[in-house]
Amino acid sequence: MDALSRPNVVIDNGTGYTKMGFAGNVEPCFITPTVVAVNDSFSGSA
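Residue 27 in the UniProt record's numbering sits at position 27 of the sequence shown, and the numbers go up by one each step.
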């Protein structure tokens, strides 16, 4: 299979869920909760 015949991968980083799948599909293949980690020691430094 050459690069031109492979489907494009789509990743949607939403605020609630991250959805992953292939271009042209009606629904995503994977849906996971979006998680963001914040290190408190870096948030207050200037």
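For every residue, glycine included, the Cβ atom is placed at its ideal position computed from N, Cα and C.
Kindly indicate the opening and closing residues of the beta strand (DSSP E) around residue 10.
9-13
Note the first and the last residue of the continuous beta strand (DSSP E) segment covering residue 34.
Careful: residue 34 lies outside any beta strand (DSSP E) and carries neither H nor E.
What is the C-beta distance between residue 34 and residue 21, in whole angstroms, given that I count them as a contact (C-beta under 8 Å)?
Not a contact, Cβ separation roughly 16 Å.
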